[in-house]
Structure formats: C-alpha cells, structure tokens
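> Sharing a structure with you now.
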Amino acid sequence: MMPVVLWTDALLWLLVAGVAGYALYARKRPHLRAPWRRVTRSTAGMISAVVLAAFVAVGLLDSLHYRPALEKNDAEGRTVYAVEVRSALDALIEPLRVRTEKTYSAPLATRAYAKETVDLADGTVAREFPRLRNGGAHLASEDARGRDVLLRAALGLAAAGVAWIAIACAVVWRLARTRGTGFGSMWGSVWRAETEVPWAAMLVTVGCMFGLAFPVAFLSTGYHVLGTDKVGQDVLYLSLKSIRTALVIGGLTTLVMLPFAVLLGISAGYFKGWVDDAIQYLYTTLNSIPAVLLIAAAVLMMQVYIDSRPELFPTAAQRADLRLLFLAIILGLTSWTGLARLLRGETLKLRELEYIQAARAFGVGDGRIITRHILPNVMHLVMIALVMDFSGLVLAEAVLSYVGVGVDPTMTSFGTMINSARLELAREPMVWWALAAAFAFMFTLVLAANLFADAVRDAFDPRTRVGVRGAAAGRAA
Amino acid sequence: MTAYIVRRLLYALPILVGVNLITFALFFVVNTPDDMARMQLGAKRVTPEAIEKWKAERGYDRPLLWNGSAAGAGKLTDTIFFQKSVRLFAFDFGNADDGRNIRHEIVSRMVPSLALAIPVFLIGIAVNVTFAMLMAFFRATYIDFWGVVLAVSMMSISTLFYIIGGQYLVSKVWSLVPISGYQPGLDSARFVLLPVLIGVVSGIGGGARWYRTVFLEEMGRDYVRTARAKGLAETAVLFRHVLKNAMIPILTGAVVVIPLLFMGSLLAESFFGIPGLGSYTIDAIQAQDFAVVRSMVFLGSFLYIVGLVLTDISYTLVDPRVRFE
Amino acid sequence: MSAPLLRVGGLSTWLDSGEAVVRALDDVGFEVGRGETFAIVGESGSGKSMTALSLLRLVPETGRIVAGSVDLDGVELLSLPEAAMRTVRGRRVSIIFQEPATSLNPVLTVGQQIGEVLARHRGLRGDASRTRAAELLHSVGIPDAERRLDDYPFQFSGGMKQRAMIAMAIAGEPDLLIADEPTTALDVTIQAQVLELLRTLQAERGMSMLLITHDLGIVAQMAHRVGVMYAGALVEIADRDAFFHAPQHPYSRKLFAALPDRTKRGGALAAIPGQVPPLTAPFPGCRFVDRCDMAAARCAKRVRDGRTPGALRCVGDGRKRVERRLAPAPRGAGPARALPDPQGRAQAGGRPRQGR
Chain P
140 MMPVVLWTDA LLWLLVAGVA GYALYARKRP HLRAPWRRVT RSTAGMISAV VLAAFVAVGL
200 LDSLHYRPAL EKNDAEGRTV YAVEVRSALD ALIEPLRVRT EKTYSAPLAT RAYAKETVDL
260 ADGTVAREFP RLRNGGAHLA SEDARGRDVL LRAALGLAAA GVAWIAIACA VVWRLARTRG
320 TGFGSMWGSV WRAETEVPWA AMLVTVGCMF GLAFPVAFLS TGYHVLGTDK VGQDVLYLSL
380 KSIRTALVIG GLTTLVMLPF AVLLGISAGY FKGWVDDAIQ YLYTTLNSIP AVLLIAAAVL
440 MMQVYIDSRP ELFPTAAQRA DLRLLFLAII LGLTSWTGLA RLLRGETLKL RELEYIQAAR
500 AFGVGDGRII TRHILPNVMH LVMIALVMDF SGLVLAEAVL SYVGVGVDPT MTSFGTMINS
560 ARLELAREPM VWWALAAAFA FMFTLVLAAN LFADAVRDAF DPRTRVGVRG AAAGRAA
Chain L
91 MTAYIVRRLL YALPILVGVN LITFALFFVV NTPDDMARMQ LGAKRVTPEA IEKWKAERGY
151 DRPLLWNGSA AGAGKLTDTI FFQKSVRLFA FDFGNADDGR NIRHEIVSRM VPSLALAIPV
211 FLIGIAVNVT FAMLMAFFRA TYIDFWGVVL AVSMMSISTL FYIIGGQYLV SKVWSLVPIS
271 GYQPGLDSAR FVLLPVLIGV VSGIGGGARW YRTVFLEEMG RDYVRTARAK GLAETAVLFR
331 HVLKNAMIPI LTGAVVVIPL LFMGSLLAES FFGIPGLGSY TIDAIQAQDF AVVRSMVFLG
391 SFLYIVGLVL TDISYTLVDP RVRFE
Chain B
20 MSAPLLRVGG LSTWLDSGEA VVRALDDVGF EVGRGETFAI VGESGSGKSM TALSLLRLVP
80 ETGRIVAGSV DLDGVELLSL PEAAMRTVRG RRVSIIFQEP ATSLNPVLTV GQQIGEVLAR
140 HRGLRGDASR TRAAELLHSV GIPDAERRLD DYPFQFSGGM KQRAMIAMAI AGEPDLLIAD
200 EPTTALDVTI QAQVLELLRT LQAERGMSML LITHDLGIVA QMAHRVGVMY AGALVEIADR
260 DAFFHAPQHP YSRKLFAALP DRTKRGGALA AIPGQVPPLT APFPGCRFVD RCDMAAARCA
320 KRVRDGRTPG ALRCVGDGRK RVERRLAPAP RGAGPARALP DPQGRAQAGG RPRQGR
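Protein chains in written order, with my numbering: chain P, 140 to 616; chain L, 91 to 415; chain B, 20 to 375.
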C-alpha cells in the first residue's frame, strides 16, 4: 500500500500536533494548568470530553489515507496501486463499505424496501420484496432473524461488559498506583465519587458508549444496523465517514481563522491609531456582508476556479478534498471578525494596565510586550472562542451543504446525508433511518462540543463561574 | 445628537464602498467572465462563440476597469466595474439570467419575506426574554439547571432538523396546515404559521441561553446589591433594575438584524415554498445566477449597515449615558 | 445604658469558591450600642465586608451563613422569613457601599432611586416623595437638589454619587447605618467631607453606625469602639482610646507598627512577615500564630475572652516582651503613642521599631 497525505489530513494532524504542543507547554505552567484542572473537575465537561474523544478517534483514523496495492503487478513487476484512496477507518470497517445493497433497506432488514420483479424458480415472474444481498444473508430462514439479532446484541453486550471491566480496572489500578493506595479503597472512592476528577461519571459514559458500540458492531457483521441509502450504501458507514468531514470543517476553520483573529485583533488594540482604524474598517466591512451570502459567493467563485482548471486536480478524492479545504478556508476568512473584535477590546484594556505601561516605560519592544504580556493574557478568550465556534461550524456545514455551497456532493458529510435523505421523507412508507442516523450522530457530536465548550468557558472565565455550578456545589455541601 | 448620527452615516459610506470592492474582486478578478461562462455553459460544449454570446447577453463583454476604445467619459463608465458595481449604489441591479429585472423581483418578494421574518423576530425576542428571565429568577435551582441543559440541547440540533421534523409532524401527521406554498393577503397566515413556529422554536436554545447570561451578568453588578439592600422584592429588582439594564444589550443586539429581516429566511422560505427573498437567494445560488447573488450581497450589506446606524441611534434612546453626551 | 441595638454572635459565613469552601467569617461576635459608632478595621480579605453583607443577609450567591445570631433590637434577623427581612433592609438597617460609581443603577435617575426607598418604607409617592427626596439630597449637601433629582448617576461626580448613596441609605430612616469603606474610592479631600457628613447625620438622627474601613485614621476620627478583624475573625474589640493607647493583640500592634509616620522617616516600615493563611480549613488555634513573633505553645489552643464576646484573646506569652520593648515610653505619655494627627492619620509607636 502507498500512503497518501491529503491536504486536509496534513492540516488536521498539524492541528493535533499543535494541541499536543500546547498541552506540553501548559503542563509546565501552573497558571495555564489551573483552568484545565478545573475543566477536568467538571462532570459535564469530562463526560462530553469522553464522547468527543471517541469522535476524534474515528475522525483521525479516517485521516490516515493510503492507496491499496492491486493484486496484479504491472509488466515490469512493480506494484500497482489502486486509484481510489482509502483510509485506516475504511480498512477497519471494510465489510460495511463493501457489502452494499441495490437500494434502500430498513435497519436490520433482510429484504429490500421496494418491490422488484423477480424470476421465480418455476419460471413465472412475480413482484416481491427481494432478499438482500448481505443483510441477514447468513440466515437459513428469515424467521430466525429475531433470535439471531437478540443473540448478537447479547453477545455484543457481554463483550462490552468485559471490555468495560477491563478498562475500569486499568483506570482504577493506575489511579491507585499514582496515589499509593490499595486497589480496593481506590475502587471504592471512585464509585463514591470522592475523586476530584469525576472518574465515575467518565467510566459510566465509557460503559454507555461500549454498550451501544459493541452490540452495533456485532450486529453489523450480519445486518445493516442503520439500513442502507438510495444506492445501497450502509448508513452506519456513511455516518462514521461523516465524522471526519465535520471535524475537518470545525477544526481547520479555526486553524485558518486563528492567525487573522489574533494578529489583527491584538494589533488593533495595541497600536491603536490608524492601524486600529484600518483593521476596524476591514472587519466591519467583512462583517456587513451576510455570512451565508459571502460564503456562497466565495464558494461559487471557487467552483468556477476549480472547474476551469481540471488539470490541477487529478483524482476525484483530491478534488473533493481540496474543495473541503477551500470551504474551511472560506469559513475561516469570514469568521475571524468576532474573535478579533473581542481580542481588540481586551488588548485595549490590557495595554493600559500598570505592568504593561511599566514595560513600555522600560523600553521593552512592542513585539516582546505583545508576545510576553498580552498574548498569554488573552489566550483564555482564544480558547473559549475556539471551542465555542466548533459546534457552530459543524451545524453550518449541514446548512451550507443544503444550500449547495457546502462540501463536494461526492463527499460524505452530515449535510449531504440530510440533503439526500430529506427528499425521501415524502415516500410511503417513509424512509426515516438515514435522517435519524444523521440526527443522532450530529446531535451527539454538537451537544458534546457545546457542553465541553461550556466547561472550558466556566474554567477560564472567572466571571461566569457563578451560577449553576457554584450553586450545585453549595447544595452538595 | 444629530451631528452624532450624521457622523455615523458618513462612516457607513466607506464600508459600503468596501463591500462593493470586495464583491467586485470576488466576482470579476478571481475569475474572468470567460471562466463563469464556461462553467455555466458546461465544459463540454463550449465554443468561443457561445462564450462571447453569453458575455454579451449579460454585459460582461466590456473591459474590467478601463475602456480604452470608448470615447470621453465612456472610458470609465463603459466598463464592467462601472456598469455592474457602481450602479449598485443606485439600486440598479440589472437583469437576472431569466431576463427578469432584479429590482422588481426584490420589491415584490419583500412582502412574503417580511410576513415570515417579522413575526419570528418579535415573538422570538419575547419568548427568549421570558425564558431567560425565568431561568435568571430561578438561578441556582434545578429549574435553571435543567433550563440550561434544555437550551444547550436545543441549540445542538441543526435548523434543518427543526424544519424537517416540524414539517413532518404538523403537516403530515396532524394535517393541520398546508405543508408548503404561499398566498398573498390574509390567507398568508395559514401558510406562515408553521414556519413562524419553527423559526421561534429553533431560536429558543441559543437565544434564551444568551439572554440568560446577559441577565446573570447584570445581576452580579453592584447596583443590584444596592437595590436588594433597599429592601426591594426580588421581582422588583429583576424587572425594574435588571431588565432595564439588560435591555440595552438585548435591544441593541436586536436592532442590528431588523433591516436584515427584509432578506428573509433562507432555509424556511425554501423548505416551505414561500416566494420571498430567501428562497430567491437560494435559487440563485443553486442556479449559479451571479447577477442575483451579487445584488443580494450588496443589498444584505446595505441593510446591515442601516442596522448599524439604527443601533447607534437606539443606544442613544435607551442608554442615558450616551443620550446626554 | 440600655440594651445594645445590635448584638451579633457566633456569625460564620462560608463561601464556595468552586474548589474549596472558604470560611470567610468564623465565629464573629460584637455589639453596637444605640447612637454608637462601631468600627471594624482590617486588611482587605479579612471579612469586613462579608460581615456587613451577612448582617443584611445579602451574601453572594456562592456563600451562605452557616451559624450565628444577629439580634437587632430583640429581633433575630437570621431566622426572619425573607419577606420580613426585606422590611428590615433599607428601613431598619441600611448600607452604603464602597464604590458609588457602580452601586447606583446607571439607567435610573437619582430621584427614582431615592424614591424607591421612600415608596417602599415610607409609603411616599408622587409629589410627596419628590419633595422628600429633594430634602434628603439637600441634607447630604447636594446643591440645587430639586433639579439634580432628574439627573442620572453618571452626571454626578464621585463624591456626589456617594452623597446620593447616603441620601438613599438614610431615606428609610434606619436605626443602623452600615458604611462599608464609604470613602475608599474617593479623593482625599472629598473623603473628609463625606466623613464629616456621616458624623453630622449620625448625630442629628441618633443612628447607630457600623463603620467598615482599613484606615486607622478614619477609625480614630469616627469610632467609639473598634473591632480588629484578621483572617475572618475578630481578634480584638476595644474602646477607641484604649485601642489606640495600648492595642492588645499582637496583630493590632503590628498594624500600628506598619503605619508610616514622621518619626519613622528614613527607616523601613515594619511590614508583617508572611501571608494571611488560607481560610479553607478550620484553625486549631490562633490564626495569627504563623506570623506572630510572640507565639507560645499555648497559642495552639483557642481561648475565648469573656469580656468581649466573639473576639479572640491573645494568649501568647509575648506580652511581657512587648511591654519591655515599649518600656522607655511611660504609659499614656510620650510622643503620642497612638493619637490621631490633624489629618486623621493615626500615629503609632513611639520610636522606630523596624527590624527585630
């Protein structure tokens, strides 16, 4: 196989490296570590972090691309690679990708959703719901489906239980070792929720996710757990593939937006005068164009650009990938204004503070003041804005794809899933599963992101710390 | 104060010019009209003649900025920039690809757009403020806690699902109102009811949560403590002191979007088949009608800038500190 | 003398910081007599303002009063229902806050804000309310009071805002006025005027006053009796003269030692070493023990002084050492051991005592 690094892959891993780098940097600095410690103590925050971690894991697996080697070598004996680009995730869930049907089928169905004319064995022709090629194909008799489904689900639950106990024991063992207490007493204090980090809640979350994922995995070896779509693709496969698209949109957009927002926002606030005027003019102008229209116009123009230069994009995957990247760039270019305005205001306040005035009086250079005194003191705003924006961007992708200015139609995303599924609502009986799957995955991802963002904001912004959290603690005490 | 408003108005002009330049660059500099023509005509059957014809029909056959072949002032005016961008300032939008006059379309589509957007806007604010006040009043209790959880959950659902779900439930299962379409006059209420409801409900999550933070921030201020120390009841503190202060950010935040109500709602209009500006915009984007998209960008920005000026004026009305300056 | 107006005992208020419980007030007790001014002095964070807020049951949402008694003229405030408590606030006990700039509602006129109290506690409305509000503004020394009623707080200067706050506070004709650092945010020249105003109003109306400050000069000028707060507890309660004459608690003495005055010119000021201990855990003994240079083994034990309820008596054995150190100056004589100077700044200590 031949590894392929798509643009978005590279940037996504760069983002991962950046986050890891920040984590290492913050580890050594108590003032940066303190708010993150507060995040780790928030139950809602940690539950959502566990859920987000699962989504990110799927997305990152889906960002390791390669071109599989073909079985035949070429004339000179060299390996030949397939044109199609696959990812590690594809390899992991190969059966889901390959075992397609002709068209729609309901979740766990053994027969297709639409009647078809079939030739019967006795030579006559009948219209009936044909058996699926893969869904329940292993069953000798369709009557056995109910038992088979239950059995597989039960086996899945059992496996989930085993895996969960293993993980729980590993976590508690590790905790016990770092604290130098016995396993038994640590186990007890975890489950009595006496630990500062809500391990119990996190383990329960992991348990719930295992309890869902394992039975689904066991079932998906024989069925289409979430049904199939119009062209017979497994909806579960599509949902898993959509995760990466959502992460790329949410993650890369912030990566693009960040330098603009930080650089321009801080410069405007710090230098004031004409610099401030110019930057303010720039973002007021950009802001005054309604976001959807600006994005639509930019995407339309990007389409024209891509279409008129086909020679630049050899494969469909690369084209779709580049379009995704462009979308992230366009979203980034249009969404830096909010954070920039926030940073400008904060910098205006900071630069009047005594210690910065003192630094200026001592002749410390502007660049040094900005990097040493201002940037660290506005980082919390950046962090809050980043996590808050993520969920909004995931939602925006769906809307933009509906409008027709989102990702490439060939690219799997929540937006394209909804878009193709909504047309089928009018069918009798209704095809609901693709929509339901998109809804469930998207809702979980966005809700987890929102709750995590709230926890981060509460931890970083002392002003918002009153309210529910404090009060809940008050009740508990 | 008049001088202040005049100053704000003058400040708005360069922004509009900036918007105009950005759209011009986006539409004509990044890609040439030839690229657009090729894209619209379809890459396969493009002939140079077809491209020229396409450009001539739309007036894109002029030079971009400077027409050396024209006479006199025509050197400047007989260009794409002048014809397509400068004329926008006079709200002369030209014709769409289907040959209809864009300005005429805009004017006739504004009414259905407003019939949907104004109720969503007004009812939305009222509902969100009410929920936010409830949460703020019961702050630090389970009502507040679950209210926030509900709000965060609601804002985690894509608008698309609100529309699809609402359309399915109300129109198909309960058959209460028509699933889509529009008729002018009083009859429009029947068609607008469901989209308004969905518009309001889909906005509650984000709106109520935002207003709640505004209220809580105000409630943490010193003057609230003073009001309590006077022996005022909590309701009096909330309604007389907090609400009055919180309305400054809430109102001014709302005023910005008032002019944009004319633009209509993209999703709701297109799903419910309401012939407003929102669906006009979506259709234009999907049909890649560049003239219409460009016009809507300009109109949207213009209305936003009007909103900014209105915001400044409304500040002076609600906030005595600005009023007396 | 009749029974004191206010009797506070065992008052403990805890705050929840999100990570730990801060025992902001720990077993605080004192009395305020009728017409008396009782001053609470202490550094910031010692719990002075929390005491004031606890009396009115206006502690922040993260805090709660966990124990104690606040007896106002025979009525136990801590067990009153909230509705009844609201008839106490502004009517029987009112308060002036430190920051007049933020303590007034920016979008209501001064007249409206005074009128609120008059309507709530005096039943005055309309013209009667307006006339009374103008009288009140006039009585706190705001010229052209009738016209200024329609002004918004931002149109007032800092000192005038505080005067307006005072007018609001006395509008309900309270028995007890709590002044929480009433002059800290003001210019020095304005400070003196406001203090003078408070003293006059108190004398005219026979109010009791609980004055909270970190400024020993203001204490010397205004108070009849003094309580010293440290780390959430009252460590000493004394009559003003006795206090300035011979502070009892080592912390009080160190406060005086840390004051600048002209006899110490050129030398270093005696800063108190160490830091205020964290208030997240209960104190087994004296809370000043870590910073006290007279600490004895006994200080680990906590002893209550019978004469001054709520205050902790120092049980260290260092008294003699201090006496010895101060010995050259005869008691009550010498170059003003602790008398206020003309500016109201306290002078303490007879000689340079920097270093140990």
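Cβ coordinates follow ideal geometry from the N, Cα and C atoms, glycine included.
It should be emphasised that the depicted structure is a prediction, and the values quoted were computed from it without experimental measurement.
When you compare the CB of Thr423/P with every CB in chain L, is at least one pair closer than 8 Å?
Yes, its Cβ sits closer than 8 Å to a Cβ of chain L.
> How big is the Cα-Cα spacing for Leu284/L and Val242/L?
Cα to Cα, the separation comes out at about 23 Å.
> Using DSSP's beta-bridge definition, name the partner residues of Thr32/B.
Its beta-bridge partners are Leu44/B and Ile84/B.
> So with CB distances below 8 Å, who are the chain P contacts of Tyr394/L?
Residues of chain P passing the Cβ test: Asn426, Ser427, Ile428 and Pro429.
> For the region 400-418 of chain P against the region 473-488 of chain P, are there 3 or more C-beta pairs whose distance is under 8 Å?
Result yes; three or more Cβ-Cβ pairs closer than 8 Å.
> Measure how close the beta-carbons of Leu250/L and Ala537/P come, nearest whole angstrom, since I'm counting them as under 8 Å.
Yes, Leu250/L and Ala537/P are in contact; Cβ-Cβ is about 6 Å, under 8 Å.
> Tell me the rounded alpha-carbon separation between Thr325/L and Glu101/B.
Distance between the alpha carbons of Thr325/L and Glu101/B: 13 Å.
> Starting from Tyr150/L, follow the alpha helix (DSSP H) in both directions and report where the run begins and ends.
That residue, Tyr150/L, is in no alpha helix (DSSP H); it is neither H nor E in DSSP.
> Compare the beta carbon distance of Val314/L and Val304/L with 8 Å and say whether it is the shorter of the two.
Their beta carbons are not under 8 Å apart, which means Val314/L does not touch Val304/L by this criterion.
> Taking His157/B as the reference, give the member of Ile185/B, Arg139/B and His243/B with the closest Cα.
It is Ile185/B.
> Could you tell me the boundaries of the beta strand (DSSP E) in which Gly246/B lies?
Arg244 to Tyr249 is the extent of the beta strand (DSSP E) around Gly246/B.
> Considering only C-alpha positions, which residue in the set Gly160/P, Ser181/P, Asp148/P and Leu145/P is nearest to Lys592/P?
A small fix is needed here, since residue 592/P is Ala in this sequence, not Lys. That would be Ser181/P, whose Cα lies nearest to the Cα of Ala592/P.
> What three-state label does DSSP hand Val546/P in the structure shown?
In this structure, Val546/P counts as coil in the three-state DSSP scheme.
> Residues of the region 581-604 of chain P in Cβ contact with chain L at a cutoff of 9 Å, in chain order, please.
Of all residues in the region 581-604 of chain P, Met581, Phe582, Thr583, Leu584, Val585, Leu586, Ala587, Ala588, Asn589, Leu590, Asp593, Arg602 and Thr603 have a Cβ within less than 9 Å of some Cβ in chain L.
> In whole angstroms, what separates the C-alpha of Trp413/P from that of Pro398/P?
Their backbone Cα atoms lie some 21 Å apart in a straight line.
> Hey, would you say the C-beta of Ala102/L is under 7 Å away from at least one heavy atom of the ligand FMN?
Here there are no bound small molecules, and the ligand FMN is not part of this structure.
> Examine chain P for any beta-carbon lying closer than 8 Å to the beta-carbon of Ser248/L, and answer yes or no.
Yes, contact with chain P.
> Please confirm whether Asn121/L has its beta-carbon closer than 8 Å to some beta-carbon of chain P.
Yes, Asn121/L counts as interfacial toward chain P.
> Using 8 Å for Cβ pairs, my map puts Pro354/P next to Leu296/P. What's the rounded Cβ distance?
With 8 Å as the limit, Pro354/P and Leu296/P qualify as a contact, their Cβ atoms being about 6 Å apart.
> Can you name the start and end residues of the alpha helix (DSSP H) that Lys167/P belongs to?
Segment: none, Lys167/P is in no alpha helix (DSSP H) and carries neither H nor E.
> Can you look up Leu394/P in the DSSP assignment and give me helix, strand or coil?
Leu394/P falls in the helix class under three-state DSSP.
> Starting from the Cα of Ala94/P, find the closest Cα among His363/P, Leu391/P, Leu564/P and Tyr409/P and give me that residue.
This structure leaves residue 94/P out entirely; chain P is present only between 140 and 616.
> Between which residues of its own chain and Arg172/P is the CB-CB distance below 7 Å, once the five residues before and five after are set aside?
Excluding residues within five positions, the ones whose Cβ falls inside 7 Å are Ala165 and Arg166.
> Buried or exposed, going by whether 16 or more other CB atoms sit within 10 Å of the CB of Leu365/P?
Buried.
> With respect to the beta strand (DSSP E) encompassing Val112/B, which residues constitute its N-terminal and C-terminal limits?
First-last of the beta strand (DSSP E) with Val112/B: Val112 to Ile115.
> List, in order along the chain, the chain B residues whose C-beta lies closer than 8 Å to that of Tyr313/L?
Within chain B, the residues near Tyr313/L are Thr121, Ser122, Leu123, Asn124 and Pro125.
> Can you tell which of Gly262/P, Tyr362/P, Arg217/P and Asp528/P has its C-alpha closest to the C-alpha of Arg284/P?
When only C-alpha atoms are compared, the closest one is Tyr362/P.
> Is the Cβ-Cβ distance between Thr56/B and Met228/B less than 8 Å?
Their beta carbons are under 8 Å apart, which means Thr56/B touches Met228/B by this criterion.
> Less than 8 Å between the C-beta atoms of Leu439/P and Val383/L, yes or no?
Against a cut-off of 8 Å, the Cβ pair of Val383/L and Leu439/P comes out as a contact.
> At 9 Å on the CB atoms, spell out the chain L contacts of Ile557/P, in chain order.
Going along chain L in sequence order, the residues near Ile557/P (Cβ under 9 Å) are Ser248, Leu250, Phe251 and Ile254.
> What does the alpha-carbon distance come out to for the pair Phe617/P and Leu584/P?
Residue 617/P lies beyond the stretch modelled for chain P, which goes from 140 to 616, so this question has no answer here.
> In three-state DSSP terms, what is Arg316/P?
In the structure shown, Arg316/P sits in a helix (DSSP, three-state: H, G or I).
> Compute the Euclidean distance between the alpha carbons of Ala430/P and Val224/P, then round it to the nearest angstrom.
The alpha-carbon atoms of Ala430/P and Val224/P are separated by roughly 33 Å.
> Within a Cβ cutoff of 6 Å, which residues of the same chain sit near Leu314/P, ignoring the five residues on either side of it in sequence?
Contacts found: Met325.
> Considering only DSSP beta bridges, list what His204/P is partnered with.
Val143/P and Ser226/P.
> Grab the span of the alpha helix (DSSP H) containing Ala239/B for me, first residue to last.
Where Ala239/B is concerned, the enclosing alpha helix (DSSP H) stretches over Leu235 to Met241.
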